[in-house]
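The structure appears right after this line, and notes come after that.
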């Protein structure tokens with residue numbers, strides 16, 4: 030039977046240094062893996078399809094668009110009565126900065142072998158990164174909070190709410206010119222199992238008191 034993990038947020042006062050480093054490291058890796066996916070040219074996850082579409086019509090950098098979209102999503106938290114944490118704010122800042130930084134040094138790929146490498150490595154590292162920063166238990170990112178908030182307010186399952194959100198943003202991103210391809214399908218199929226597989230190794234656990 031699979032081990033049930035406690036992923037509920039815990040105050041920053043507990044194991045501050047280790048969890049802060051885990052949060053920032055996970056978010057930086059997440060931004061880097063996003064950059065790899067954007068440079069593969071083989072398709073993006075639904076939110077990044079939207080980000081790329083917005084980037085194309087605004088002329089802003091990928092990271093800037095990601096940050097703006099994150100802030101707009103946070104505004105939707107207000108009627109849902111969701112409360113941001115330190116992990117929420119860090120998610121907006123660290124990911125947007127890292128994805129732009131890595132994209133500066135990582136060019137678009139036009140050789141199929143390198144495209145496939147960037148796609149596969151990007152998906153795997155994205156799953157690891159998500160497990161690392163979620164496992165720090167310092168609060169959800171903007172999109173995760175929207176998902177859980179809508180689920181709580183509507184009484185619908187997390188699975189249904191997430192699916193509806195991602196279909197919506199994927200459709201909007203595609204209409205705006207975002208890249209949809211085999212990478213989009215691979216991400217959708219692999220990201221959940223990958224994150225779940227990595228979580229037991231990186232989740233922060235409270236120490237039992239004697």
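In our numbering, the protein residues as written are 30 to 239.
Note that beta-carbon positions come from the ideal geometry of N, C-alpha and C, so glycine has one too.
Closest residue to residue i among the options (Cα-Cα distance)
{"i": "residue 208", "options": "85, 112, 43 and 59", "result": "85"}
{"i": "residue 72", "options": "55, 210, 167 and 169", "result": "210"}
{"i": "residue 195", "options": "80, 223 and 36", "result": "80"}
{"i": "residue 48", "options": "167, 202 and 193", "result": "167"}
{"i": "residue 82", "options": "229, 44, 201 and 43", "result": "201"}
{"i": "residue 58", "options": "162, 182 and 233", "result": "162"}
DSSP three-state assignment for residue i, whether helix, strand or coil
{"i": "residue 54", "result": "helix"}
{"i": "residue 166", "result": "coil"}
{"i": "residue 133", "result": "helix"}
{"i": "residue 218", "result": "helix"}
{"i": "residue 207", "result": "coil"}
{"i": "residue 47", "result": "helix"}
{"i": "residue 179", "result": "helix"}
Sequence-distant residues of its chain with Cβ nearer than 6 Å to residue i (five each side left out)
{"i": "residue 199", "result": "75 and 78"}
{"i": "residue 190", "result": "176, 179 and 180"}
{"i": "residue 159", "result": "224"}
Close beta carbons around residue i, own chain, < 7 Å, minus the five adjacent residues each side
{"i": "residue 172", "result": "76 and 102"}
{"i": "residue 150", "result": "65"}
{"i": "residue 218", "result": "none"}
{"i": "residue 119", "result": "52, 53 and 56"}
{"i": "residue 67", "result": "73, 77, 81, 91 and 132"}
Outcome for residue i when other beta-carbon atoms lying within 10 angstroms are tallied against a minimum of 16
{"i": "residue 142", "result": "exposed"}
{"i": "residue 165", "result": "buried"}
{"i": "residue 62", "result": "buried"}
{"i": "residue 107", "result": "exposed"}
{"i": "residue 96", "result": "buried"}
{"i": "residue 37", "result": "exposed"}
Do three or more CB pairs link the segment 76–92 to the segment 116–129 at distances below 8 Å? The segment 76–92 makes contact with the segment 116–129: 3 or more CB pairs, one atom from each, lie closer than 8 Å.
Determine, using beta-carbon pairs with one atom in the segment 126–137 and one in the segment 100–116, whether at least three such pairs fall under 8 Å. no
Contact the segment 42–56 vs the segment 137–155: 3+ CB pairs below 8 Å: no
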